[in-house]
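Okay, so the sequence shown: first residue is 3 according to the working numbering, each after it adds one.
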Amino acid sequence: MCRGSVRTVVAPGLQWACNGRADTGTGRWAMRALQPDIAGFVERDGYRLGYEVFGAKSAGPTVFLVPPCPIVDSRLWKAQVPFLARHHRVVTVDPLGNGRSDRCTDPARLGLDALVADLVAVLDTADVEQAVLVGHCSAAWRCIVAAARHPERVLRVVAICPNPVALAPGLPARSVHDHRAPLDTDDGWAKDNWHYWRRDLRGFLEFFFGELLVEPHSTKVWEDGVEWGLGTSAEVLIVVGRAPGALDLAATRAVARSVECPVLVITATEDRCVPPERGERLAELVDGQLLVLDGAGHLPMAREPVVVNTAIRGFAARFEPPQPVRRWRRPLDRPKRALLVCSPIGLGHVRRDLAIAAELRRARPGLQIDWLAQPPVAGVVAEAGERVHPASAWLAGESAHIEAEAGEHDLRVFEAVRRMDEILVANFMVFADVVRDDPYDLWIADEGWEVDHFLHENPELKTAAYAWLTDFVGWLPMPAGGGREAALTADMNAQMLDQVARTPRLRDRAVFIGDPDDVVPLDFGPDLPPIREWTARNYDFGGWVSGFEPVTDRDALRAELGWGGDDRVCVVSVGGSGVGLHLLRRALDAHAAIARAIPGLRMVVVAGPRIDPAALAAPPGVEVHGYVPDLHRYLAACDVALVQGGLTTTMELTVSGRPFVHVPVQNHFEQNIHVRHRLDRHGAGRRLDYADTGPEQLAAALAGELARDVHPPPVRSDGARRVAELLAELV
3 MCRGSVRTVV
13 APGLQWACNG
23 RADTGTGRWA
33 MRALQPDIAG
43 FVERDGYRLG
53 YEVFGAKSAG
63 PTVFLVPPCP
73 IVDSRLWKAQ
83 VPFLARHHRV
93 VTVDPLGNGR
103 SDRCTDPARL
113 GLDALVADLV
123 AVLDTADVEQ
133 AVLVGHCSAA
143 WRCIVAAARH
153 PERVLRVVAI
163 CPNPVALAPG
173 LPARSVHDHR
183 APLDTDDGWA
193 KDNWHYWRRD
203 LRGFLEFFFG
213 ELLVEPHSTK
223 VWEDGVEWGL
233 GTSAEVLIVV
243 GRAPGALDLA
253 ATRAVARSVE
263 CPVLVITATE
273 DRCVPPERGE
283 RLAELVDGQL
293 LVLDGAGHLP
303 MAREPVVVNT
313 AIRGFAARFE
323 PPQPVRRWRR
333 PLDRPKRALL
343 VCSPIGLGHV
353 RRDLAIAAEL
363 RRARPGLQID
373 WLAQPPVAGV
383 VAEAGERVHP
393 ASAWLAGESA
403 HIEAEAGEHD
413 LRVFEAVRRM
423 DEILVANFMV
433 FADVVRDDPY
443 DLWIADEGWE
453 VDHFLHENPE
463 LKTAAYAWLT
473 DFVGWLPMPA
483 GGGREAALTA
493 DMNAQMLDQV
503 ARTPRLRDRA
513 VFIGDPDDVV
523 PLDFGPDLPP
533 IREWTARNYD
543 FGGWVSGFEP
553 VTDRDALRAE
563 LGWGGDDRVC
573 VVSVGGSGVG
583 LHLLRRALDA
593 HAAIARAIPG
603 LRMVVVAGPR
613 IDPAALAAPP
623 GVEVHGYVPD
633 LHRYLAACDV
643 ALVQGGLTTT
653 MELTVSGRPF
663 VHVPVQNHFE
673 QNIHVRHRLD
683 RHGAGRRLDY
693 ADTGPEQLAA
703 ALAGELARDV
713 HPPPVRSDGA
723 RRVAELLAEL
733 V
């Protein structure tokens, strides 16, 4: 295969994204849903192009996500890569001028001919003989040109919002102002001007991506677009406009008509960047298929990823051989089955879900339950004898992302969840594949945010009864987040309210794990309804689900654990995540002070499944355990406890009537607002700010709490049965 003037630099498995995280352009990092199998560079005519290969061992045909215009980088495809790489070898490359590729201010090098040659060079370097090309906007037209010039290399083309300029006039709003001449206004599309770009590139990007994203609640995609755009410069974008190679109408038609491979064109009716008519006419010229996305804007791969992913996969999969055997069983002859999606962030969800599953089987004998779960939940579920669905291996790590976002006992959890967007898309696509190929009678999502969100966005995918479980309602801002976080939480809440109002029957059951008074008496945001009243109208209440039977003989339990009658046992635990490492270290540093304040102290530290006990320098006399599957027994038997502000641990202590000090993770809205509300309602525990956890402060707080007269609140212990009865009505 001739490669001309191409020099290849390949680094298999290169971790260019620090520790699996990608720089967002603001000094922050976001965990990627999938790491490349190969990352390297192609050098052509003196410029380097950064490319990546995913799913190198996948059996399906290679899908090449062609580099977009340098106003963004290849992360534009982040919602597509993990899903497609489960079925195909996937190649991405940053455009010349952004991302890991070199910056270029040579118009000829950014012309159509040079960019098509780059495309072929990447295929050569990645050792791809033929590929399905997927392109967006100008890159979609580049894919068509490549298919016409190199038919032996192109299996199919997916052209998303394609921009063959000659086929239809531009949008009137974009045609008013000259791009090149100085203007006496900066209003609206006047910002799409070279002189304005030089003065205020961010201002242009903020306006431009605001126009491209017509769909409500698109703040995260908008932020991504602006950050990607700041990865290039005004001069690079200006050179793109000066690049040669634009074809007139006759040449455009000739190229399109010469394409022999199948083509799928995807257009969006509310596209404010490219007239949809250009895509429609292109589909006619290539005799291709046309998918029209009504109501969508110019970035459907980011804003409507499930539809776009499904379309690409279906179109590319036609080159795969048919399955040799397919099996179908009459619904009346197959046992009833449920799929349970359990949140992996902490371990509180899995304990209650195991209890609910046991009660659900009692209510519906013979019901088979599969779990879609990832570490640390998957291990706990497997140890309990439950079946973890094999597709769980494809799930991207949510807990790892959350831990990567955390600082020293500090986690802006709302922002962390927003920046987990590509992980959530990837995991929903795993769920969608599972329920498409494997029939279930009931889907249960316990804070499976991706399932709930994307089902509401794509309600046509619902083929079974669906139950949603959660122990808090309402994303709420923390003071440190300022006005930005207040606006973003309100926007996310408004999106959820809109979804439920539009498809009120999508959730066959919405169950709140608690009682009505456990819901915070706050509003979803300005001009939005009160959370408690809305929840009362839209949820059933299952009560608290502890996942274990209350301890009736505490003395016997202490003896079983080896704790003497004179021991004053302080259990220190931070739950199932790795976020609590710093609090554990502070407790160990304070051991001497606590021992002085509590004579007979016996400190038992439980690190949990995601913190290595070896990372803790324990002083003599302190017991350090890793994961303890029956932690609730330790909590019920202790004299006092020091814990984070997680709901499960604090409620276990509350129900057991144990005194405890809780230190909520800073900026963690659920621990600081939702959980605190429950604990205040029951008069349980003593709250400390992390800043107040010096040795003497911890010692005084624990001694004071130990001396307090604590009475267990009247919390019912039949929550698992109550929730199971609500779910049993669906199967």
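C-beta: ideal position from N, C-alpha, C; glycine also.
For a test of the three-state rule: what should DSSP assign to residue i, helix, strand or coil?
i             : result
histidine 584 : helix
serine 579    : coil
tyrosine 735  : Only positions 3 to 733 of the chain appear in the structure, and residue 735 is not among them; the question remains open.
leucine 266   : strand
threonine 64  : strand
proline 166   : coil
glutamine 325 : coil
leucine 86    : helix
glycine 2     : What is shown of the chain runs 3 to 733, which leaves residue 2 out entirely.
threonine 28  : Bear in mind that the predicted position of threonine 28 carries a pLDDT of just 36, short of 50, making it too unreliable to give a figure here.
aspartate 202 : coil
arginine 421  : coil
alanine 133   : strand
leucine 251   : helix
histidine 593 : helix
aspartate 454 : helix
aspartate 226 : helix
leucine 157   : strand
arginine 604  : strand
valine 626    : strand
glutamate 459 : helix
For residue i, list the residues DSSP reports as bridge partners.
i             : result
tyrosine 53   : Gly42, Val95
valine 645    : Ser575, His664
tyrosine 468  : Trp445
glutamine 291 : Leu266
leucine 138   : Position check: residue 138 holds histidine in this sequence, whereas leucine was assumed. BP columns for histidine 138 point to Ile162.
glycine 409   : Asp412
For residue i, would you say it is in contact with chain C, using Cβ-to-Cβ distances shorter than 8 Å as the test?
i             : result
glutamate 535 : In summary, chain C is missing from the structure at hand, where a single protein chain is found.
Can you name, in chain order, every residue of its own chain whose Cβ lies under 8 Å from the Cβ of residue i, other than the five neighbours on each side?
i              : result
glycine 577    : Gly348, Leu349, Gly350, Gly610, Val645, Gln646, Gly648, Thr650, Thr651
tyrosine 1     : Residue 1 lies beyond the residue range present for the chain, which begins at 3 and ends at 733; the question has no answer from this structure.
arginine 510   : Looking at the sequence provided, one finds aspartate at residue 510 rather than arginine. The residues are Ala467, Tyr468, Ala469, Leu732.
isoleucine 533 : Val475, Gly476, Val521, Val522, Pro523, Leu524, Asp525, Phe526
glutamine 305  : Correcting the residue type first, residue 305 is arginine in the shown sequence and not glutamine. So the qualifying residues of the chain are Leu215, Glu217, Ser220, Val223, Ala298, Gly299.
leucine 586    : Val574, Val576, Val607, Ala609, Ile613, Leu618
asparagine 460 : Val308, Val309
Out of the options, state which residue places its alpha-carbon closest to the alpha-carbon of residue i.
i              : options                        : result
aspartate 682  : Val663, Gln699, Gln668         : Val663
proline 735    : Leu292, Ala256, Pro218         : The structure shown does not extend to residue 735, since the chain spans only 3 to 733, so no value can be given for it.
aspartate 75   : Arg151, Gly231, Arg587         : Gly231
aspartate 448  : Arg560, Pro461, Asp439, Trp470 : Trp470
valine 122     : Thr107, Leu301, Ala150, Ala110 : Ala150
arginine 91    : Leu112, Arg77, Val124, Val130  : Val130
arginine 588   : Glu410, Gly233, Ala110         : Glu410
leucine 463    : Val665, Asp493, Leu36, Met431  : Met431
glycine 190    : Phe514, Val667, Gly212         : Gly212
alanine 639    : Cys572, His593, Val581         : Cys572
asparagine 59  : Ala87, Arg77, Ala35, Val44     : The sequence shown places lysine at residue 59, rather than the asparagine named in the question. The candidate whose alpha carbon is nearest that of lysine 59 is Ala87.
alanine 599    : Ala701, Gln37, Gly566          : Ala701
valine 379     : Glu400, Pro714, Phe209         : Glu400
asparagine 674 : Leu413, Arg50, Ala170          : Leu413
arginine 244   : Lys193, Pro109, Asp39          : Pro109
alanine 594    : Leu135, Gly381, Leu334, Ala620 : Ala620
alanine 84     : Trp196, Asp104, Phe209, Ile314 : Checking the displayed sequence, the identity of residue 84 turns out to be proline instead of alanine. Comparing Cα positions, the closest option is Ile314.
glycine 567    : Phe514, Asp641, Asp517         : Asp641
Which residues in the same chain have their Cβ closer than 6 Å to the Cβ of residue i, if we skip the five residues on either side of it in sequence?
i                 : result
valine 717        : Trp546, Val657
arginine 200      : Ala236
glutamine 501     : His458
glutamine 370     : Pro337, Arg339
phenylalanine 456 : Val308, Phe430
Leaving out five residues on either side along the sequence, give the residues of the same chain with a beta carbon under 7 Å from the beta carbon of residue i.
i             : result
aspartate 591 : Pro697
aspartate 423 : Lys222
glutamate 282 : Thr269, Leu292
proline 69    : Ser76, Val95, Asp96, Pro97, Ala141
| message | Which runs of the beta strand (DSSP E) at least 3 residues long sit entirely within the stretch 480-562? Give them in chain order. | response | 511-514
| beta strand (DSSP E) runs contained entirely in the stretch 320-405, provided each spans 3 or more residues | 339-344, 370-374
| What runs of the alpha helix (DSSP H), each 4 residues or longer, lie entirely inside the stretch 667-726? | 678-684, 697-709
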